[in-house]
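Colleague: Residue numbers (this note's numbering), protein chains in the order written: chain W, 1 to 349; chain L, 1 to 52.
1) Report the start-end ranges of each beta strand (DSSP E) in the stretch 82-118 of chain W that is 3 residues or longer and not cut off at the edges.
2) So which residues on chain L does residue 341 (chain W) lean against when the C-beta distance must stay under 8 Å?
3) What's the call for residue 12 (chain L), buried or exposed, on a 16-neighbour Cβ count within 10 Å?
4) Rank W:295, W:303 and W:326 by C-alpha distance to the C-alpha of residue 27 (chain W) and give the top, closest one.
5) How far does the beta strand (DSSP E) with residue 180 (chain W) in it reach, from first residue to last?
6) Let me check one thing: in DSSP terms, what residues is residue 212 (chain W) bridge-paired to?
7) If you draw a straight line from the C-alpha of residue 243 (chain W) to the C-alpha of residue 20 (chain L), how long is it?
8) How far does the alpha helix (DSSP H) with residue 166 (chain W) in it reach, from first residue to last?
9) Any Cβ of chain L within less than 8 Å of the Cβ of residue 349 (chain W)?
10) With DSSP as the reference, please indicate the residues paired to residue 78 (chain W) in a beta bridge.
11) When you compare the stretch 86-104 of chain W with the stretch 116-125 of chain W, are there three or more beta-carbon pairs, one atom per stretch, that lie closer than 8 Å?
12) Give a yes or no on whether 8 Å exceeds the smallest Cβ distance from residue 214 (chain W) to chain L.
13) Counting only beta-carbon atoms, is residue 17 (chain W) nearer than 8 Å to chain L?
14) Would you please state the rounded distance, in angstroms, between the beta carbons of residue 239 (chain W) and residue 261 (chain W)? I believe it to be under 8 Å.
15) Closer than 9 Å between beta carbons: that is the criterion. Which residues of the stretch 203-228 of chain W meet it against chain L?
16) Check whether the Cβ atoms of residue 164 (chain W) and residue 297 (chain W) sit closer than 8 Å, and answer yes or no.
17) Leaving aside the five residues before and after residue 155 (chain W) along the sequence, list all residues of the same chain whose C-beta is less than 6 Å from its C-beta, in chain order.
18) Identify every run of the beta strand (DSSP E) within the stretch 242-297 of chain W, keeping only runs that are complete inside it and at least 3 residues long; order them along the chain.
19) Residue 331 (chain W) touches chain L at which residues, Cβ-Cβ below 7 Å?
20) Less than 8 Å between CB atoms is the rule here; does residue 338 (chain W) satisfy it with respect to chain L?
21) Measure the beta-carbon distance from residue 24 (chain W) to residue 60 (chain W) and round it to whole angstroms, keeping in mind my assumption that it falls under 8 Å.
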């Protein structure tokens with residue numbers, strides 16, 4: 001990744017760059033707005049508007065150009081995927097076309113499929129970043145920050161509350177009804193979604209919510225970034241009704257513009273004197289704002305990095321992506337981070 | 001006799017439901033000490049992504 005001393009020269013490349021954004025929903029719209037404010041030229045393709053048969057109905061921020069055909073974006077300097085899952089087929093197309101790509105996708109199977117494209121990305125000399133949203137995404141950046149507060153990290157636990165747009169809400173619903181994945185003492189464990197209730201205290205104003213296991217991709221990406229950690233888990237908040245109806249179609253339509261959300265990361269380990277210690281950090285805000293800030297920060301970092309980042313599939317919390325720099329970029333884009341100052345109580349995680 | 005049997009069934013059901021609710025997760029109460037405070041991450045030298 002680009003270093004601080006290279007950043008001025010790197011930024012000079014930005015105004016020349018054209019970024020193609022696929023999907024201009026609640027989160028995609030905000031990503032486009034961030035990129036435009038940074039002086040980056042943006043072209044947008046919205047599959048939902050195209051599917052409705054009226055591509056002219058796609059609403060994009062002023063300054064962005066709407067295109068009708070997604071293939072038109074494959075000539076851009078980078079492609080950012082903000083559509084509902086799956087993203088793997090489009091990431092594969094970008095790799096074949098030699099275009100760097102950023103995915104905001106959080107579906108577990110989809111993220112695994114994208115990670116499987118690593119060999120193709122390396123062979124094609126293409127850089128791809130997956131899991132560049134709120135969770136995975138901001139969750140991994142917080143975990144990377146917390147890992148610097150301990151001398152040895154044994155456990156990383158993520159909890160998520162809230163959804164961005166309607167597609168995100170459907171994904172959240174499906175995740176609660178699917179099998180979760182976690183890393184436990186050296187092996188992957190799969191447990192039913194909706195199990196493992198824990199009361200999690202999120203940053204204000206979200207506060208305390210019951211959280212449950214769900215099929216979210218955080219443990220898979222954290223395992224890559226923190227291979228020495230012995231336990232990884234991720235949970236999402238849910239009500240009793242959410243759990244009861246998780247395996248059914250959504251009974252109520254999701255909120256059209258998303259809602260307030262939060263992400264919380266907890267790291268457990270030891271300090272230099274050997275004493276056990278837990279550290280907790282999080283962020284709260286409009287879910288789409290949190291996800292969009294991370295996605296835009298990753299996109300700009302990838303543009304700035306140019307060829308200094310090795311080809312392959314990366315996640316924001318990987319060392320290669322300089323996660324602390326990404327976290328600072330995310331804060332610069334309006335995300336307010338918080339840390340817990342009390343004494344964390346032990347849980348069954 | 002029938003009344004006693006119904007009472008026993010009701011008590012058993014109530015006990016089973018209460019037990020189920022208890023073992024379905026530990027839950028708990030939010031921490032009674034401490035709280036959240038702003039976390040400042042050092043900005044990157046020479047970099048500002050908030051504006052062009």
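Every residue, glycine too, gets a C-beta built ideally from N, C-alpha and C.
Modeller: If we stick to the structure as given:
1) 101-103
2) Numbered from 1 along the first chain, position 341 holds the residue referred to as residue 341 (chain W). Those are 34, 35, 36 and 37, listed as they occur along chain L.
3) Counting from 1 along the second chain, the entry for residue 12 (chain L) is found at position 12. Counting Cβ neighbours within 10 Å, residue 12 (chain L) comes out exposed, since fewer than 16 surround it.
4) On the first chain, residue 27 (chain W) is found 27 positions in, with the first residue counted as 1. Checking every option, the nearest Cα to that of residue 27 (chain W) belongs to W:295.
5) On the first chain, residue 180 (chain W) is found 180 positions in, with the first residue counted as 1. Per DSSP, residue 180 (chain W) belongs to the beta strand (DSSP E) from 179-184.
6) Stepping through the first chain from its first residue, residue 212 (chain W) is reached at position 212. BP columns for residue 212 (chain W) point to W:236.
7) The sequence position of residue 243 (chain W) within the first chain is 243, counting from 1. The sequence position of residue 20 (chain L) within the second chain is 20, counting from 1. Cα-Cα distance, rounded: 15 Å.
8) Start at 1 with the first residue of the first chain, and residue 166 (chain W) comes out as number 166. Run containing residue 166 (chain W): 166-176, per the alpha helix (DSSP H) assignment.
9) Position 349 of the first chain, counted from the start, is the residue given in the question as residue 349 (chain W). Below a pLDDT of 50, predicted positions are generally treated as unreliable, and residue 349 (chain W), at 49, falls in that range; the measurement from the model is reported next regardless. Not one chain L Cβ lies under 8 Å of residue 349 (chain W).
10) As a working mapping, residue 78 (chain W) is identified with position 78 in the first chain. In DSSP, residue 78 (chain W) forms a bridge with W:19.
11) yes
12) Here residue 214 (chain W) refers to the residue found at position 214 when the first chain is read from its first residue. With 8 Å as the cut-off, residue 214 (chain W) does not count as an interface residue toward chain L.
13) Along the first chain, one-based indexing puts residue 17 (chain W) at 17. Answer no: the Cβ-Cβ gap between residue 17 (chain W) and chain L never drops below 8 Å.
14) Locating residue 239 (chain W) in the first chain gives position 239, where the first residue counts as 1. Locating residue 261 (chain W) in the first chain gives position 261, where the first residue counts as 1. 15 Å between Cβ atoms; not a contact.
15) 203, 204, 207, 208, 210 and 212
16) Along the first chain, read from residue 1 onward, the residue named residue 164 (chain W) stands at position 164. Along the first chain, read from residue 1 onward, the residue named residue 297 (chain W) stands at position 297. Contact: no.
17) Counting from one through the first chain, the residue named residue 155 (chain W) turns up at place 155. Counting only Cβ-Cβ distances below 6 Å, and skipping sequence neighbours, we find 231 and 268.
18) 260-270 and 276-286
19) In the first chain, residue 331 (chain W) corresponds to position 331, counting from 1. Within chain L, the residues near residue 331 (chain W) are 41.
20) Translated into the one-based positions of the first chain, residue 338 (chain W) becomes position 338. Judged by the 8 Å Cβ criterion, residue 338 (chain W) is in contact with chain L.
21) Start at 1 with the first residue of the first chain, and residue 24 (chain W) comes out as number 24. Start at 1 with the first residue of the first chain, and residue 60 (chain W) comes out as number 60. Rounded, the Cβ-Cβ distance is 6 Å, consistent with contact.
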